[in-house]
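Quick note: the sequence shown uses my numbering, first residue -9, plus one each step. Structure record follows, encoded as structure tokens.
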Amino acid sequence: MSSHEETVSVEPVPSALVAAHIVYGLHAFAIALGITGSATVIGGFVGSVPSIIAVIISYIKRGGARDSWAASHYRWQIRTFWFALLWLIISLLMVATLVGAPVGLVLLAALTLWLIYRIARGWLRLFDKQPMYV
């Protein structure tokens, strides 16, 4: 176990794992909506109903995963959502200015890749029953 991972002794309850899978699935669906729809990936992620439902589920279910490795997944999911929203706002403010537009567009592209990485990495580690480093 790396120094970034937490050592926990309690095995998570099955419902906490199911909910974490549902949250990753909803986030992945929101990303797919952004790719296939008229929205951007990041816009589809932070502004779509599936993603908003996912973050609400994360907040509700994280208490049931307390003291287990599954709690790190809920923190990972919640932080992914809020950091994506924060960087989306910063990027859009930059795009709105003529001088910052090129940097803002690069930030939006990087944010999209970061978002896909966060959801894929988290879901793969959940399938492997490994905690997330947060």
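Idealized CB from N, CA, C, for every residue including glycine. Please read all numbers here as calculations on a predicted model, not as lab measurements.
Item: Between Asp118 and Trp59, what straight-line distance do the alpha-carbon atoms span, to the nearest angstrom?; Value: 12 Å
Item: Once DSSP output is grouped into helix, strand and coil, what is the label at Ser38?; Value: coil
Item: If you reduce the DSSP assignment to three classes, tell me which class Val31 lands in.; Value: helix
Item: Could you tell me which of Gly37, Ala10, Val8 sits nearest to Leu23, measuring between CA atoms?; Value: Gly37
Item: Only counting the same chain, and skipping five residues up and downstream in sequence, which positions put a Cβ closer than 7 Å to that of Ala61?; Value: Arg52, Ala55
Item: Near Ala20, what residues of its chain come up, given a Cβ to Cβ distance below 6 Å and the 5 sequence neighbours on each side ignored?; Value: Gly34, Phe35, Ser38, Pro40, Ser41
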